[in-house]
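I have placed the structure first, in the form of structure tokens, so that the comments after it can refer back to it.
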Amino acid sequence: MTTATGGHDHGHIHPPAPQVEEISDYSVLEIALRELAIEHGLFTAEEHLHFTEWAEKIGPASGSRLVAKAWLDPEFKKLCLTDANAASKAVGVDWLDPTGAGTPSDYTHFVVLEDTPTLHHVIVCTLCSCYPRPMLGNSPYWYRSTNYRRRLVRWPRQVLSEFGLIVPPEVEVRVEDSNQKCRFMVMPMRPEGTDGWTEDQLAEIVTRDCMIGVASPKPGRTADKHPIHKARHPVGHEPKPMGVAE
Amino acid sequence: MSAASDTGHDRIALLEAIRSQGKEWGVLAPKWGCNDPDPPWKFPLAGTFEALSESGALPSLERRHAEDELGDSLYKDVPPPESYLLTLAHTMIERGLLAEGELQQKMQAVRSRLEEE
Amino acid sequence: MSSSSKNTPVCRFKVGDRVRIKDQSWLFYSRVQLYARGVEGTIARLNYTDLVAEDETFNVEGEIEQHYIVQFRQQDLWPEYAFPNDTLQSEYPDRWLEPLNNSQA
């Protein structure tokens, strides 16, 4: 399965980005499970395509936009805190129609949690990994891990420090365990050094991790980076970790 | 016969064979110089999770509990998203939604098809 | 304070009421965390009225109940917790809450 992705930026032809050109059993397994499920009538190909396209489409941009707008407009901020579903519509997200099919996992009671100088929120779902996907996209692997879910409720400051976030002792850390039908998102505080910024500039520093509550927005911080734990492999393999080194 | 783990889940030979090859995306991507952080099958897998839940065949909460249990035991040395894929296959076989033998056959057929492309 | 008819959702509490999470057995699974059982907290918010999740999953004709956000002091949840200001919030339907003495309201 090889596809060349030739870029044509600014009149230059870039060499195609390298692709993995071997067929792993994992990619074969995914297809096989899907095809058998369809053959057994567990779902239809059309349903599968619909959900796959939705998973590809969602991302944190709407959440970033919501926060940036709230920072610039006190009335909009008030709306976010009193009627988050209505505020979501202003950034193009209708919680009553997130997938077009309304899966049971897309519960519709959206709540925005406002950070203040004396209150820092962080979100978890100890039960499974409920997440405001229409606003933030797919949840990161670490959010789904039992490691995060078990530890954040009991040792939030330690877990936050592993993400590089130290909260002063006098600031209240409030963990929100989303165990029912509400879906939560953090509205972090607007940082210093952003006077006169446009909505686009502000949205750029409101990353996904800032809206979960494991990071704080800062000028210049436009991406989430954190250690990616090295996989433990059977004897005989020397894996190279991807991403930021620990 | 597969050995039972202490969580009461039996190992499934087909899935053990996949796991032991260690060809996760975290290994393949750097080998080929590919910078994508996720394998391309991540999204169709998400589609499968949603479709199974929506149809009632495997509700998300049950799937996630099985994913936690299996991910902390039989597949604890497998990183995500490969762990999600293996635990899904394991759960579907355990619940009789499909059989190990037919999955093996289907995988062979899919691989042949892909290799011809 | 009354049991619900099919038309009136059960809603016994208001914001600020002190409550305790019940520790009751449930038939199959429960969304009420073990760490919260028997712990005292304060009603922080009234969210929505809905069927209780456990009923809904098994298609039992359940009653519609108020769902609340309850706030706990972390030091009430965990014996070794070192920061007195920190809190934890989670959601509970009416049936899982019992009133503490609210006479000082």
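Protein chains in written order, with this note's numbering: chain G, 1 to 246; chain S, 247 to 363; chain U, 364 to 468. For glycine and all other residues, C-beta sits at the position ideal for the given N, C-alpha and C. Model, not experiment: these values are computed from the prediction.
Ranking G:SER24, G:PRO15 and G:GLN19 by CA distance to the CA of ARG265 (chain S) puts G:SER24 first. Around the beta carbon of GLU443 (chain U), fewer than 16 other beta carbons sit within 10 angstroms, so the residue counts as exposed. Under the three-state reduction of DSSP, PRO290 (chain S) is assigned to helix.
Look at HIS121 (chain G): its C-beta is not under 8 Å from any C-beta on chain S.
With a beta-carbon spacing of about 6 Å, GLU428 (chain U) and VAL415 (chain U) fall inside the 8 Å limit used to define contacts. With the rule of 3 Cβ pairs closer than 8 Å, the segment 55-66 of chain G counts as touching the segment 207-227 of chain G. One alpha carbon belongs to VAL91 (chain G), the other to THR198 (chain G), and they sit about 16 Å apart. For ASP449 (chain U), a Cβ of chain G is located within less than 8 Å of the residue's own Cβ. In this structure ALA297 (chain S) is in contact with HIS48 (chain G), their Cβ atoms being roughly 5 Å apart against a cut-off of 8 Å.
Under the DSSP assignment, CYS80 (chain G) falls in the alpha helix (DSSP H) whose first and last residues are 74-82.
By the Cβ-count criterion, ASN281 (chain S) is exposed, with fewer than 16 other Cβ atoms from all chains shown falling within 10 Å of its own Cβ.
For ARG190 (chain G), DSSP records no beta bridge to any residue.
Between the beta-carbon of ASN179 (chain G) and that of GLU454 (chain U) there is about 6 Å, and that keeps the pair under the 8 Å contact cut. Ranked by Cα distance from PHE110 (chain G), the options G:ASN147, G:THR118 and G:MET135 are led by G:MET135. Where THR371 (chain U) is concerned, there is no enclosing beta strand (DSSP E), because DSSP gives it neither an H nor an E. Spatial neighbours of GLU53 (chain G) in its own chain (CB-CB distance under 8 Å, excluding positions within 5 residues in sequence) are not present.
Residue pairing of GLN434 (chain U) in beta bridges, as defined by DSSP: U:THR405 and U:GLN452. Using a Cβ-Cβ distance cut-off of 8 Å, the segment 75-86 of chain G and the segment 29-36 of chain G are not in contact, since fewer than three pairs of beta carbons, one from each stretch, lie closer than that value. The residue from G:TYR26, G:GLU46, G:GLU39 and G:HIS120 with its alpha-carbon nearest to that of LYS288 (chain S) is G:TYR26. Taking the beta carbon of GLN158 (chain G) as reference, no residue of chain U falls within 7 Å; the closest one sits roughly 10 Å away.
Judged by beta-carbon spacing, LEU343 (chain S) lies beyond the 8 Å limit of LEU29 (chain G), meaning their Cβ atoms are not closer than that value.
Contact annotation for GLU30 (chain G) against chain S: TRP287, PRO290, LEU291 and LEU331 [CB-CB distance below 7 Å, chain order]. Between VAL159 (chain G) and THR126 (chain G), the C-beta spacing is not below 8 Å. Judged by beta-carbon spacing, VAL124 (chain G) lies within the 8 Å limit of VAL175 (chain G), meaning their Cβ atoms are closer than that value.
Going by C-alpha positions, GLU361 (chain S) is about 21 Å away from GLU328 (chain S). Along the segment 173-192 of chain G, the positions whose C-beta sits under 8 Å from a C-beta of chain U are VAL173, ARG174, VAL175, GLU176, ASP177, SER178, ASN179, GLN180, LYS181 and CYS182, read in chain order.
Under a criterion of Cβ atoms nearer than 8 Å, the residues of chain G adjacent to ILE264 (chain S) are, in order, ASP25, TYR26 and LEU29. Residue pairing for HIS120 (chain G): DSSP places it in a beta bridge opposite G:VAL173. Closer than 9 Å at the C-beta level to chain S, one finds these residues of the segment 47-58 of chain G: GLU47, HIS48, LEU49, HIS50, PHE51, THR52, GLU53, TRP54, ALA55 and GLU56. If you look at LEU49 (chain G), you'll find it in the alpha helix (DSSP H) that goes 45-57. Judged by DSSP secondary structure, ILE384 (chain U) falls within the beta strand (DSSP E) whose first and last residues are 381-384. In terms of Cβ geometry, ALA312 (chain S) and THR333 (chain S) form a close pair [threshold 8 Å].
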